[in-house]
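Asker: The listed protein sequences correspond, in order, to chains A and B.
Here the first sequence is numbered in our numbering, starting from 1324 and rising by one per residue.
Here the second sequence is numbered in our numbering, starting from 1324 and rising by one per residue.
To start, I am sharing the structure in question, which I have written as structure tokens.
Number of protein chains: 2
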Amino acid sequence: MATIYDVAKAASVSPKTVSRVLNGDAPVGRKTRKAVETAMAELGYVPSNAARMMRSNRSGLIGLVTGALSQKLEPMEPTGLPDLYIVQGIQRVMADSGKTLIIADTGGTSAKVPQLVRTFLQHRVEALIYVADYHQQVTLDTGAGNCPVVLVNCFDADGTTAIVPDDERCQFDLVTDLVRSGHERIAYFTLDPAMVATELRSKGYRAALEAAAIPYDGALEVMARRNVENDDGGLLQRALDSVLALDRPPTVMCCGNDEMALRLYGLIRSRGLRIPEDVSVAGFDNYRVIAETLYPPLTTVELPYLAMGQRAAEIALGMIKGEDEQLAGSEMVPGPVHWRSSVTALNSVTKLRSNTGSTFS
Amino acid sequence: MATIYDVAKAASVSPKTVSRVLNGDAPVGRKTRKAVETAMAELGYVPSNAARMMRSNRSGLIGLVTGALSQKLEPMEPTGLPDLYIVQGIQRVMADSGKTLIIADTGGTSAKVPQLVRTFLQHRVEALIYVADYHQQVTLDTGAGNCPVVLVNCFDADGTTAIVPDDERCQFDLVTDLVRSGHERIAYFTLDPAMVATELRSKGYRAALEAAAIPYDGALEVMARRNVENDDGGLLQRALDSVLALDRPPTVMCCGNDEMALRLYGLIRSRGLRIPEDVSVAGFDNYRVIAETLYPPLTTVELPYLAMGQRAAEIALGMIKGEDEQLAGSEMVPGPVHWRSSVTALNSVTKLRSNTGSTFS
DNA sequence: AACTGCTATGACACCGATGTCATGACTTCG
DNA sequence: CGAAGTCATGACATCGGTGTCATAGCAGTT
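Right, here's the structure in full:
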């Protein structure tokens, strides 16, 4: 691989002059510049980042760890591979800023993390970003020293800078939209309460009811999914039957995620009910393969994974520049409601006017 | 950040001795080693890869480009984000071999590729891997010089080393299993024939029929999905009706992907037919969110993305070691059939014994 | 003519590790 | 006891760029 010395010799100039052509940090004569550029092209010269970094101490690399960190090793129900979107968001911002991403996947073994961090530090990454596959608390065995760290889709006990989805706000917005379109009996089939997101969304659900002065009915909020092997779907079936048996059954059923909604479609129809004429259904995640493919298409909330990634990248870049941003703890990012035909409006007037950034498709 | 000189001073030895402790390439006295190790721990010393690379010229980095390269800019129907699995496969192998992956996503703009490749070359990657999001032909504006290149899920006209899924074999295996379980009237709803995969799978479908001495009936193979905006699902509906109207309607329907199978479930039921009692359904992709969530669970074929990634990584490592492997052109990787209850056996005997690595779940 | 100011260029040290070679202490063997 | 061999260690050059400083050439000013 050619070096500046080779280029310098070919162009009959000093190495330093070649360096100047490369960086444009000092004036270079027009003829000289041309000679150098020709030589570089002929030799197929590409500057070595390693050598450059030796002096500048700026590697241009950002370390990204995905997977792992999970305290539960059980793989979650697939919910659209949020990590991927987060990573894309990060990548997009980083590429624009000229940084290069170096990525390590732990493959679910959080024990590998320290090793990966070490490798990143060897490459002198300018920042470290951890991405979790679902909203959770992590404890990270950093050893990262003074390297800036940003957590995404997770948070820790030490108040490390973190970007998390605003589950509460998302559920709040969804339920508020349901109320606006005339629903009052709103069932909510939750995921495993052990998950961080479940609790937050429950809060959002209740807050939306309260804001609309609709009394909370515990019989309408039922856990319908466990993160355990022996949940064969029976929970959801029983949950459905229990709310259908109520004196005042719900007019709309919210699901903890779109996959649950997919199952629910089948169950509701096997009970002889129509969607949305007899009962409306809403999901969570905007897992498009499901939400747009189902008939009728599913009203659901999008978790803003791409935006979270972008935000995390911006913050990391800010930390590199030394702005520090004082970002103590978590920043929550809300996401839009996607309004589709699985929910029917009960009030004749379309007084539904969302101010929450909802989209209608 | 501490250097070996700092460590050397702290341990009262020469820098070279610290280097020896790090690399173990020469004997070091026990007491000296201990002193050095203590000093390293105290200073939080992490060796600089850049400096190391200056001498060894081995960066330990592998460049990975995803997205882009696609000749069609239209995003495909989501089929389970194969790139992610491929990347995971690559990552897994690379991590085991001590290499670090650096990743760039083109975000769909193949124009960015040369720029990304340049960045990678600056980092002196030891190999370059391109991953496409679906099986396709690409033309890559390399400029990669003598850096080893491996294509995954795509191939080019120049015969660059490439790892692609064995679509033909996969479809062949699936249809063969269907035949073994007693089906003879096998419909096949294909994807857009403009896709490389579609043609290959058609060949597999026909080859399997021929191998079983079942006459090919053109009325059973119908295009049911176009990669265009105005395909509202009507194609599939008409395809279904056309085969149901045949004198000898099919006993099983194969779909071009699992998403199509999801739609087909709905359509079949709206015609008053039961799955699998009246008609069996098979998919393609083993897109688990769909295949395992549907009722009944979907028989489908898995495209071996993880394995493809692993294989690609192995080959790239081989090329780095200079084994060159003579791998002219493409290597095709087959994937297993996942046998689930959406397909019923027509022959009473369970003479079904797959030798194709099928799994039964 | 002497001085100032600017442009264009080169010499040289340096970043942090490692390869090469040299050296001193100690063991082993004839 | 001296020669040869092993062990442990250090001095120094080197990798490929960039920062610092010096210098030569030339125009403009007084």
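Here a beta-carbon is modelled for each residue, glycine too, at the ideal position from N, C-alpha and C.
Model, not experiment: these values are computed from the prediction.
Return the residue from the list B/Glu1449, B/Ile1486, B/Ala1373, B/Phe1443 that minimises the CA-CA distance to B/Val1461.
Answerer: B/Ile1486
Asker: For B/Tyr1328, count the other beta carbons within 10 Å of its own beta carbon; 16 or more makes it buried, fewer makes it exposed. Which is it?
Answerer: exposed
Asker: Assign A/Ser1420 to one of three DSSP states: helix, strand, or coil.
Answerer: coil
Asker: With a threshold of 6 Å on Cβ separation, who are the neighbours of A/Thr1499 within its own chain once the five nearest residues in sequence on each side are excluded?
Answerer: Ala1531
Asker: Starting from B/Gly1632, follow the beta strand (DSSP E) in both directions and report where the run begins and ends.
Answerer: Per DSSP, B/Gly1632 belongs to no beta strand (DSSP E); it is in the alpha helix (DSSP H), 1628–1643.
Asker: Have a look at the DSSP bridge pairing and note the partners of A/Tyr1511.
Answerer: Within the DSSP secondary-structure output, A/Tyr1511 pairs in a beta bridge with A/Glu1544, A/Cys1577.
Asker: Whose CA, out of A/Ala1568, A/Glu1533, A/Val1602, lies closest to the CA of A/Val1575?
Answerer: A/Val1602
Asker: Per DSSP, what are the beta-bridge partners of A/Ile1452 in this structure?
Answerer: In the DSSP output, where bridge partners are listed per residue, A/Ile1452 has A/Leu1387, A/Val1473.
Asker: Once the 5 residues before and after A/Leu1686 are set aside, which same chain residues still bring their CB inside 7 Å of it?
Answerer: Any question about residue 1686 of chain A goes unanswered here, given that chain A covers just 1324 to 1684.
Asker: Whole angstroms are fine: how far does the CA of A/Pro1659 sit from the CA of A/Thr1622?
Answerer: 11 Å
Asker: Please say whether B/Arg1548 and B/Leu1558 have beta carbons closer to each other than 8 Å?
Answerer: yes
Asker: Say whether the region 1449–1461 of chain B touches the region 1609–1624 of chain B, bearing in mind that this needs 3 or more beta-carbon pairs closer than 8 Å, one atom from each stretch.
Answerer: no
Asker: Any Cβ of chain A within less than 8 Å of the Cβ of B/Ser1382?
Answerer: yes
Asker: Could you check the C-alpha separation between A/Arg1356 and A/Pro1338 for me, to the nearest Å?
Answerer: 12 Å
Asker: When you compare each of B/Met1518, B/Cys1493, B/Ala1517 to B/Val1656 by their alpha carbons, which one comes out closest?
Answerer: B/Cys1493
Asker: Span of the beta strand (DSSP E) holding B/Ala1485?
Answerer: 1485–1488
Asker: Going by other Cβ atoms of all chains shown within 10 Å of its Cβ, with 16 needed for buried, is A/Glu1582 buried or exposed?
Answerer: buried
Asker: Just mark A/Leu1543 as buried or exposed, buried being the case when its beta carbon has 16 or more other beta carbons within 10 Å.
Answerer: buried
Asker: What do you get for A/Ala1630, buried or exposed, if any count of 16 or more other CB atoms within 10 angstroms of its CB means buried?
Answerer: buried
Asker: Using the rule of at least 16 other Cβ atoms within 10 Å of the residue's Cβ for burial, across every protein chain shown, is B/Val1666 buried or exposed?
Answerer: buried
Asker: Excluding the 5 residues preceding and the 5 following A/Val1341 in the sequence, name in chain order all residues of the same chain whose CB lies nearer than 6 Å to its CB.
Answerer: So the list reads Ile1327, Val1330, Ala1331, Val1359, once near-sequence residues are dropped.
Asker: Below 9 Å on C-beta distance, what does B/Asp1428 contact in chain A?
Answerer: Val1410, Gln1411, Gln1414, Arg1415, Ala1418, Leu1424
Asker: Give every residue of the same chain whose Cβ lies closer than 6 Å to the Cβ of B/Ala1636, excluding the five residues on either side of it in the sequence, and list them in chain order.
Answerer: Result list for B/Ala1636: Ile1413, Val1416, Met1417, in chain order.
Asker: Quick check on A/Gly1589 - is its C-beta less than 8 Å from some C-beta in chain B?
Answerer: So, interface residue.
Asker: Taking 8 Å as the CB-CB limit, is B/Val1612 close to chain A?
Answerer: Closer than 8 Å to the CB of B/Val1612 there is at least one CB belonging to chain A.
Asker: At 7 Å on the CB atoms, spell out the chain B contacts of A/Arg1586, in chain order.
Answerer: Using a Cβ-Cβ cut-off of 7 Å, A/Arg1586 is close to Thr1616 of chain B, given in chain order.
Asker: Quick check: the Cα distance between A/Ala1568 and A/Ala1520, rounded to an integer number of angstroms?
Answerer: 28 Å
Asker: Output, in sequence order along the chain, the residues in the region 1430–1446 of chain B whose CB is closer than 7 Å to any CB in chain A.
Answerer: Gly1430, Arg1441, Thr1442, Leu1444, Gln1445, His1446
Asker: With DSSP as the reference, identify every bridge partner of A/Ser1603, one or two as the case may be.
Answerer: DSSP, once it has assigned bridges, lists A/Val1575 as partnering A/Ser1603.
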